[in-house]
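Residue numbers (my numbering): 909 to 1271. All residues carry an ideal CB built from backbone N, CA and C; glycine is no exception. Quantities reported herein were computed from a predicted structural model and do not represent experimental measurements.
See below:
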C-alpha cells in the first residue's frame, strides 16, 4: 500500500465530483418521481448523502494537514482562519451579491447580514432563502472554527472529542429550546430539534469526526497497522455505503419524506454511514482499483476541483437565471459543469491564490 506522495489524494478529489453529482440528482429527483419505481426513487431521495461525503472529507483533510498547528499561536490560528474564509466566502459572496442585485429573484429577501455572514442557516425561518444550498457552508465554517480544539482533543483520546461534540449538541438544543420556552423562538434559531439535527453543525458534527479519526489513524503506527488489516476497503466501504443508504431509505414512508426524518434513519446517517465513507476513502488512497483509477483521471480531478462551484450554482439563483435563457433536457447538467469549470479556472482558483498570497505575508 502506498500511503505517501502527493497523488494519494487524487481519487479523493475525484470523489468530490461524485458527491456533487449525487446532490444534483437528489435535487432534481422530482422530475422522475412518476417515471421510476418507488424503491428506486426512495433510494435516490437519500442521495443528499453527497453532502455527508463532503463533510467526512473536510474532517479528514483538515485533520491530516493541520493537526494542532493552528493553535501554536494566536497568529497561526488567525492565518488558518483567514485561509478557511478565503476558501469558501469569496465565491459565495459574488453569487449572493448577484442575487441581491437581481431584484426579480431577491425582492422578498432582506436578511442581508444573515445571508452574507452565513448565519441565516441557523434559523429555520430563513434556511431556504438566498443561496439555499449554502447552509452546508455554515456547517463547514463552524467545523473550521472548532477544528483546532478538536484536533488537540483527538490527540489525547478520541472519546474526548465525542464527549465534546455531545456537549455541543446539548448546548445547541438547550439554546433553541430555551428560546422557544422564553418567547416562542419565532425565527427558529436552532429550533426545532429536527432542524438543528439535520441542518447545523450541532447535529452533523460526527460526520467530520470520522474523517478526523481516519487522519489520526493514518498518522499513528498502530493506526496504520489497524487500517492495513482491513481487507478490500474500497469494496467493503462501497458496499457498506450502498447498504446503509438503502437502510436509511427504508424508513421513508413515501417519495416526499426522507428516511433521515425518522430517528432510526438519522442515527444510521450520523453514526454508521460516515464510518463506511471513511473506510471507502482509505481504500481510494491505498488500493489500485478501477474506481481509484477513474477518480484519479485528469477529468475527474478537474471536475472535483470545480465541484464547489458546481454545488453553489446547481440550485437557487444561478441555475434559475440560467434556466431563463436555456433549459436543456438533462436539466442543464452538462452546461452547469461547463460553467463550473470556467468559473473555477477564471474566478475561484485565481481569487483563492491571491488571497492565500496575501495571508502568507502576515508575519
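- Here residue 1235 is exposed. Its C-beta has fewer than 16 other C-beta atoms within 10 Å.
- One alpha carbon belongs to residue 1187, the other to residue 954, and they sit about 20 Å apart.
- If you look at residue 1023, you'll find it in the alpha helix (DSSP H) that goes 1020 to 1025.
- Of the residues assessed, residue 980 falls on the exposed side of the cut-off, its CB having fewer than 16 other CB atoms within 10 angstroms.
- In terms of Cβ geometry, residue 958 and residue 1117 do not form a close pair [threshold 8 Å].
- Comparing alpha carbon positions, the residue from 985, 1091, 1121, 997 closest to residue 1043 is 997.
- In the displayed model, residue 962 falls within a helix according to three-state DSSP.
- Take residue 1096, set aside five residues on each side of it, and the residues of its chain with a beta-carbon closer than 7 Å to its own are 1031, 1032, 1033, 1103, in chain order.
- Rounded to whole angstroms, residue 1193 and residue 921 show a C-alpha spacing of 11 Å.
- At the C-beta level, residue 1049 and residue 1026 come within 8 Å of one another.
- Distance check between residue 1241 and each of 934, 1113, 1257, 917 places 934 closest, using alpha-carbon atoms only.
- The residues 1003, in chain order, have a CB closer than 7 Å to that of residue 1226 in the same chain once the five nearest residues on each side in sequence are set aside.
- In the structure shown, the three-state DSSP call for residue 1076 is helix.
- Secondary structure at residue 1103: helix, using DSSP grouped into helix, strand and coil.
- With a minimum length of 3 residues, there is no unbroken run of beta strand (DSSP E) contained wholly in the stretch 1080 to 1153.
- Taking C-beta atoms under 8 Å as the contact rule, residue 919 and residue 1248 fail to qualify, at a distance of about 20 Å.
- Of all C-beta pairs linking the stretch 1107 to 1117 to the stretch 1071 to 1084, three or more are shorter than 8 Å, placing the two stretches in contact.
- Bounds of the alpha helix (DSSP H) holding residue 996 are 982 to 1009.
- The alpha-carbon separation between residue 1156 and residue 1005 amounts to approximately 37 Å.
- Here residue 1145 is near residue 1184, since their CB atoms are less than 8 Å apart.
- In the three-state scheme derived from DSSP, where H, G and I count as helix and E and B as strand, residue 1031 is classed as strand.
- DSSP places residue 1262 within a helical segment (H, G or I) once states are collapsed to three.
- By alpha-carbon distance to residue 1057, the top candidate from 983, 1179, 943, 974 is 974.
- Note that the C-beta distance between residue 964 and residue 1115 is below 8 Å.
- In this structure, residue 1073 lies near residue 1113, with their beta-carbon atoms less than 8 Å apart.
- Taking the Cα of residue 962 as reference, the smallest distance to any Cα among 1037, 1219, 1070, 1262 is reached at 1219.
- In the three-state scheme derived from DSSP, where H, G and I count as helix and E and B as strand, residue 1237 is classed as coil.
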